[in-house]
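Residues 1 to 155, numbered by UniProt numbering, are exactly what the sequence shown covers, in order. Every residue, glycine too, gets a C-beta built ideally from N, C-alpha and C. Note that the structure is a prediction, hence the values are computed from the model and not measured. Structure first, commentary second.
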Amino acid sequence: MTVSFKDHALLVKFFHKNNDCAPIALQKFRTLKIMKNGVGSLAAQGLEKMIQKFEETGSFHVQSGRRRKRFNSTVVEDVSKAVQEESSGVLQPCSARGIVQTLERPVSTAHKILRNTLHWYPYKISHVQELFLFDLPARETFVLEFLARLEVNYE
1 MTVSFKDHAL LVKFFHKNND CAPIALQKFR TLKIMKNGVG SLAAQGLEKM IQKFEETGSF
61 HVQSGRRRKR FNSTVVEDVS KAVQEESSGV LQPCSARGIV QTLERPVSTA HKILRNTLHW
121 YPYKISHVQE LFLFDLPARE TFVLEFLARL EVNYE
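Shown next, in the form of structure tokens:
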């Protein structure tokens, strides 16, 4: 049964008005909301647990720490620095496993930071081909031949 914040407050009010009796509080809540018994199955035990959490925290919100933990900014910075250091070498592919070895972190942590936080994917952080100056004439002739073939086939 999903209960709104107003209904939470109303349930707590009925609970305390009826001498901390959860079944009676639920019964009064259901008659006020014109609900049948058993519909929206919030048991008395669930109500007591909800009220106990309310008394501990003072709010009906989800307690902190119940969601996925975020990475520290220092860890994210360390991973990005390690990627930049590894990828700065000549023809050395950058891998998450290589980063993990230098940082002593789990591989899954490095993958999550690279993908979700930094938005770097394997095709963005790996070297496919290094271009040298002495290859320039060969590349220019290849491009010119390709464009000539493209113009001939296009016409």
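| Item | Value |
| --- | --- |
| CA-to-CA distance, L10 to A111, given in whole angstroms | For the sequence presented, residue 111 should be read as His rather than Ala. Taking the straight line joining both Cα atoms gives about 46 Å. |
| Limits of the unbroken alpha helix (DSSP H) element including M50 | A44 to T57 |
| Cβ-based burial, A138 [other Cβ within 10 Å; buried from 16] | exposed |
| Separation of G98 from T141, as counted between CA atoms | 38 Å |
| Extent of the continuous alpha helix (DSSP H) to which H119 belongs | Here H119 belongs to no alpha helix (DSSP H), and DSSP marks it neither H nor E. |
| Secondary structure of N19, DSSP reduced to three states | coil |
| Cα-Cα separation, H8 to G46 | 12 Å |
| N- and C-terminal bounds of the alpha helix (DSSP H) containing R97 | A96 to L103 |
| Three-way DSSP call (helix, strand, coil) for L26 in this model | helix |
| Cβ-Cβ distance between T117 and V152 below 8 Å | no |
| Anticipated Cβ contact below 8 Å, T109 with A82, distance rounded | Contact doesn't hold; Cβ gap of about 12 Å is too wide. |
| For I34 and L26, the rounded distance between their alpha carbons | 12 Å |
| Through-space distance from E56 to F29, alpha-carbon basis | 23 Å |
| Where H43 falls, given that 16 or more other Cβ within 10 Å makes a residue buried | Note that residue 43 is Ala in the sequence shown here, rather than His. Counting Cβ neighbours within 10 Å, A43 comes out exposed, since fewer than 16 surround it. |
| Helix, strand or coil at K6 [DSSP, three-state] | helix |
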